[in-house]
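**Student:** Each protein sequence line maps, in turn, to chains B and S. The opening residue of the first sequence carries number 1 in the working numbering; numbering runs sequentially from there. The opening residue of the second sequence carries number 1 in the working numbering; numbering runs sequentially from there.
There are 2 protein chains.
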Amino acid sequence: MKAAIVTIGDEILIGQIVDTNSAFIAKALDDIGFQIVEMISISDTEKAISETMNRYQNQVDLVVMTGGLGPTKDDVTKKTFCSYFNDVLISDSEVLKHVTALIEDFYKRKITQMNIDQALVPSKATVLFNKVGTAPGMLMKHEQTFFVSLPGVPYEMKYLVSEVLIPYLEQSFEPSYNIHQTLITHGVGESLLAERIADWENDLPSYVHLAYLPSPRMVKLRLSISGKDKVFLEDAIREQVEKLLPLIKDCLIGLNENETIFKVVSDLLKENNLTIACAESCTGGQIAKLLNEIPGASAYFQGGVVAYATQSKIDVLGVSENTINKNSVVSEQVALEMALGAKRLFKSDLAIATTGNAGPSKGDSDVEVGTVCLALVSKFGEKTFTFNFGQPREKVIDSAVNKAFEIIREEIIKNNS
Amino acid sequence: MKAAIVTIGDEILIGQIVDTNSAFIAKALDDIGFQIVEMISISDTEKAISETMNRYQNQVDLVVMTGGLGPTKDDVTKKTFCSYFNDVLISDSEVLKHVTALIEDFYKRKITQMNIDQALVPSKATVLFNKVGTAPGMLMKHEQTFFVSLPGVPYEMKYLVSEVLIPYLEQSFEPSYNIHQTLITHGVGESLLAERIADWENDLPSYVHLAYLPSPRMVKLRLSISGKDKVFLEDAIREQVEKLLPLIKDCLIGLNENETIFKVVSDLLKENNLTIACAESCTGGQIAKLLNEIPGASAYFQGGVVAYATQSKIDVLGVSENTINKNSVVSEQVALEMALGAKRLFKSDLAIATTGNAGPSKGDSDVEVGTVCLALVSKFGEKTFTFNFGQPREKVIDSAVNKAFEIIREEIIKNNS
């Protein structure tokens, strides 16, 4: 079961937007056993679209295309899709009814010819009904390949993939499985980790694939296996994980495929009925955002303050001016007072604070570029830390955010086990 | 000058990560006149890499590949790259010196064989020296095509593209130009906008390409033109922009290629010496993040509170319990008290607040899903608003954030012109 994913639009090719649709579709297809052989972004011209359809015709079982289904002239996917199959466009009465209702009832204006034309679909296509927008998805089987065309607006695409396309594909293809097991490690670099597990890696059977995914402070190890016999696949992965675990016990933070240290911390907070707040300077809201975006965040996340300006640290968080003058605004003492301020303001069990200079140039403080101070306060005590995360800016911020979550995790585990 | 961008890694094909490298490279190449014909993501196997190199050989002038250059076994790009050109790997003494220094001085540990091997490069390659990491970039010209291989770690790739590759390409290729002019409109839907400008669009010369890029509350119109004669290209675009402007005057918010309503608001705040703070509930830190991430934010952004829990609205922002009980936590009155609280806490000139129910289910309030209340307070007065942005959740949050910036923009323009 091979698949290709095609995104259509010059805005992608000139770098005006990042294509996030492909990853969403890939994940959904991988989950039901497809092997994605290529993802490609192409221009919104009839030539590029039909050449790409041709290239994948009979080479893969499924081609999922997104984009180019809008009502305006620059969107040529529907026309090209239709002529590729030598079909004609007809108006779908269900779609027309839906578009009319959406425009007239929700947007409260009269329907126009462009809106009416959105209900046109190739006569032989299976319509993938789009409840959350005006452009329907379309599916056509041609020789050995299913071709699917979906709108590019992310929330419309997501709805159609999850609610309409995946259930359809599950009925149309024999079950197949991709099993991935990701092991997330923090604090040990990629090459050191590789040397540590070299013997195990050399003994891996050829049908188990290992990948290293490094990012600041973290390496994900992903074991993958594909096939039809789910029990065999799961056993094969489990056997390898059991051998690997003792080798990485000290730096392992989680085992769930989509686990992150953010999710781990979120789960620990929930399990232990702890609440948290944050006070951020150099991480500028990233910690709050990460604490906040996990479903169920309201159970533990009390809130956060982004105290960007030095004056805000004094006014909002109650950091003493004297502490700043004596120690510099980037100091463990200031981080500590920020954390205490957040804990007091939000009445939380824990509070984490960051203050640093992410660079590229020196800011309000004259500490070295890359320096970050962190503080964690809780009923178990107060802790402060100083690190230098080097450069560039992006790496400093990522490292500081990750380190903050490592600190929170260790504190909760140490005091609750 | 045609180019293709190739990203290598199964983590992309299974949807484990979103490929953001391609957009960065595309933008950089587009800026110096390249036409990106395709972006493709492929598996990290020798077969997929060499087939893809073959496919683009002599079809494009430049192929930029990222990923698969790490020290571990799953990274096969360097080996494949080298054997594609029938070359051999040799150790580069400059790179080895740099890797040794980085490991021994910065990470304070002994260098290993894996680190030493990172200094291997094909003997005929031009080395793109990587100051911010251990894996060097490589460049080889083969027949009509330049092939470039870069590490996939985003900040390393960005450094190499901006500081090393682009200057090299500017010297190696004759100057060519892609001129884009983006006009950003807010508040008028795509099909209504298209009908309004239909006559102008029909009269566009064939060498000027128009694209519509819709997202919640916003449509970007992008005019593009490519060629060698910069003066002609710029004149042709300017002529069309001048004809288009009067047709969209009421909904236009900006003309800079990379302008966003966030950048527009940031500029307005700076020009008028105004400071701002925010208090967010349903937008969960998005407004703070957007205010914060524009360079120079410290000139106007005083800080923000993410008051997720109802109790935090009371404790931190000083919203009265009585107001919440009388009006519901999602109400204009609560939004107003949140904004007043943020303005007082951060001593800012303006403060914006959001409270709403983004769905999918009803939360602390029983207002309809999709309802968002906003408030803006400033020395010019207090304003409150209620909207229903429908569903799904993502669209509600995007719409609320955009609407918040529209409100700030209008308020500043009205009172400072």
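Cβ coordinates follow ideal geometry from the N, Cα and C atoms, glycine included.
Residues in the stretch 377–393 of chain B with C-beta within 8 angstroms of chain S's C-beta atoms, listed in sequence order?
**Tutor:** Against chain S - using a Cβ distance shorter than 8 angstroms - the residues of the stretch 377–393 of chain B are G390, Q391 and P392.
**Student:** Please compile the residues from chain B whose C-beta is within a distance smaller than 7 angstroms of the C-beta of T112 (chain S).
**Tutor:** By Cβ distance, chain B contributes S191 and E195.
**Student:** Contact between the stretch 269–289 of chain B and the stretch 341–357 of chain B: three or more CB pairs below 8 angstroms?
**Tutor:** Enough Cβ pairs lie closer than 8 angstroms, so yes.
**Student:** Should G68 (chain S) be labelled buried (16 or more other beta-carbon atoms within 10 Å of its own) or exposed?
**Tutor:** Buried is the call here.
**Student:** For V377 (chain B) versus L340 (chain B), is the C-beta spacing smaller than 8 angstroms?
**Tutor:** It is a contact, given that the beta carbons lie within the stated cut-off.
**Student:** Closer than 8 angstroms is the cut-off here; do at least three beta carbon pairs connect the stretch 6–16 of chain S with the stretch 8–27 of chain B?
**Tutor:** The answer is yes - the stretch 8–27 of chain B touches the stretch 6–16 of chain S, with three or more Cβ pairs under 8 angstroms.
**Student:** Which residue wins for smallest C-alpha separation from D44 (chain S), given the options S:D10, S:K73 and S:N202?
**Tutor:** Answer by Cα proximity: S:D10.
**Student:** Candidates S:R217, S:R222 and S:P216: which alpha carbon is nearest L210 (chain S)'s?
**Tutor:** Ranking the options by Cα distance to L210 (chain S), first place goes to S:R222.
**Student:** Give a yes or no on whether the C-beta atoms belonging to F389 (chain S) and K395 (chain S) are separated by under 8 angstroms.
**Tutor:** Cβ atoms of F389 (chain S) and K395 (chain S): closer than 8 angstroms.
**Student:** Please report the residue range of the alpha helix (DSSP H) in which M114 (chain S) lies.
**Tutor:** Looking at the DSSP string, the run of the alpha helix (DSSP H) that includes M114 (chain S) is Q113 to D117.
**Student:** On the DSSP bridge assignment, give the partners of K383 (chain B) in chain order.
**Tutor:** Paired residues: B:L376.
**Student:** Anything in the stretch 4–16 of chain S with a Cβ closer than 9 angstroms to a Cβ of chain B? List those residues in chain order, please.
**Tutor:** Within the stretch 4–16 of chain S, the residues whose Cβ lies closer than 9 angstroms to some Cβ of chain B are I5, T7, G9, D10, E11, I12, L13, I14, G15 and Q16, listed in chain order.
**Student:** Going by beta-carbon coordinates alone, are K131 (chain S) and Y159 (chain S) separated by less than 8 angstroms?
**Tutor:** Closer than 8 angstroms, so yes.
**Student:** Is E410 (chain B) close to the ligand PLP? I mean its beta-carbon at under 7 angstroms from any heavy atom of the ligand.
**Tutor:** This structure simply doesn't include the ligand PLP, nor any ligand for that matter.
**Student:** I'd like to know whether the C-beta of G356 (chain B) is nearer than 8 angstroms to at least one C-beta of chain S.
**Tutor:** So, not an interface residue.
**Student:** In chain order, which alpha helix (DSSP H) runs of at least 4 residues are fully inside the stretch 10–40 of chain S?
**Tutor:** Counting whole runs of 4 or more residues, the stretch 10–40 of chain S contains the alpha helix (DSSP H) stretches 10–13 and 21–31.
**Student:** On the criterion of 16 or more Cβ atoms from any shown chain inside 10 Å, does D250 (chain S) qualify as buried, or is it exposed?
**Tutor:** The residue in question, D250 (chain S), is exposed, as its Cβ has fewer than 16 Cβ neighbours within 10 Å.
**Student:** Candidates S:T182, S:A48, S:D61 and S:I166: which alpha carbon is nearest E242 (chain S)'s?
**Tutor:** E242 (chain S) has its Cα closest to that of S:T182, out of S:T182, S:A48, S:D61 and S:I166.
**Student:** Mind checking who Y177 (chain B) pairs with in its DSSP beta bridge?
**Tutor:** Note: Y177 (chain B) sits in a beta bridge opposite B:G227.
**Student:** Anything in chain B within Cβ reach of N58 (chain S), meaning under 9 angstroms, just list it in chain order.
**Tutor:** Simply none; closest approach about 17 angstroms.
**Student:** Taking 8 angstroms as the threshold (C-beta atoms), are I261 (chain B) and F405 (chain B) in contact?
**Tutor:** Yes. Within cutoff.
**Student:** Which residues, in chain order, does the stretch 302–314 of chain S contribute to contact with chain B at a C-beta distance below 7 angstroms?
**Tutor:** Flagged, chain order: Q302, G303, G304, V305, V306, A307, Y308, A309 and S312.
**Student:** Return no unless some Cβ of chain B is closer than 8 angstroms to the Cβ of M157 (chain S).
**Tutor:** Chain B contact via Cβ: absent.
**Student:** Once DSSP output is grouped into helix, strand and coil, what is the label at G341 (chain B)?
**Tutor:** Helix, per DSSP.
**Student:** Would you list, in sequence order, the uninterrupted beta strand (DSSP E) runs of no fewer than 3 residues that lie entirely inside the stretch 64–136 of chain S?
**Tutor:** Qualifying beta strand (DSSP E) stretches, in chain order: 89–91, 120–122 and 126–128.
**Student:** Name the chain S residues whose beta carbon is nearer than 8 angstroms to that of S41 (chain B)?
**Tutor:** Simply S22, E38, M39 and I40.
**Student:** Chain B beta carbons: is any one of them nearer than 8 angstroms to that of S298 (chain S)?
**Tutor:** It does; some Cβ of chain B falls within 8 angstroms.
**Student:** Among the candidates S:E38, S:R217, S:D235 and S:D117, whose CA atom is the shortest distance from the CA of V401 (chain S)?
**Tutor:** Among S:E38, S:R217, S:D235 and S:D117, the Cα nearest to that of V401 (chain S) is on S:R217.
**Student:** Give me, in chain order, the residues of the same chain whose beta-carbon lies closer than 6 angstroms to that of V127 (chain S); leave out the 5 immediate sequence neighbours on both sides.
**Tutor:** Cβ within range, chain order: D92, V121 and P136.
**Student:** Leaving out the 5 sequence neighbours to the left and right, which residues in its chain are closer than 8 angstroms to T77 (chain B) when beta-carbon positions are compared?
**Tutor:** Only I8, D44, I49, M65, G67, G68, L69 and S149 meet the Cβ criterion.
**Student:** Going by Cα to Cα distance, which pick from S:A351, S:G370, S:D366 and S:R409 is closest to P360 (chain S)?
**Tutor:** When only C-alpha atoms are compared, the closest one is S:G370.
**Student:** Can you list, in chain order, the residues of its chain whose CB lies under 8 angstroms from that of S162 (chain B), leaving out five sequence neighbours each side?
**Tutor:** The residues are A28.
**Student:** Mapping DSSP to helix, strand and coil, what is L247 (chain B)?
**Tutor:** L247 (chain B): helix per DSSP, three-state reduction.
**Student:** Pairs of beta-carbons, one from the stretch 177–193 of chain S and one from the stretch 79–99 of chain S, closer than 8 angstroms: are there three or more?
**Tutor:** No: the two stretches stay apart, fewer than three of their Cβ pairs being nearer than 8 angstroms.
**Student:** Secondary structure at F146 (chain B), three-state DSSP: helix, strand or coil?
**Tutor:** Reduced to three states, the DSSP call for F146 (chain B) is strand.
**Student:** For a quick check, are the C-beta atoms of V6 (chain B) and T52 (chain B) less than 8 angstroms apart?
**Tutor:** Against a cut-off of 8 angstroms, the Cβ pair of T52 (chain B) and V6 (chain B) comes out as a contact.
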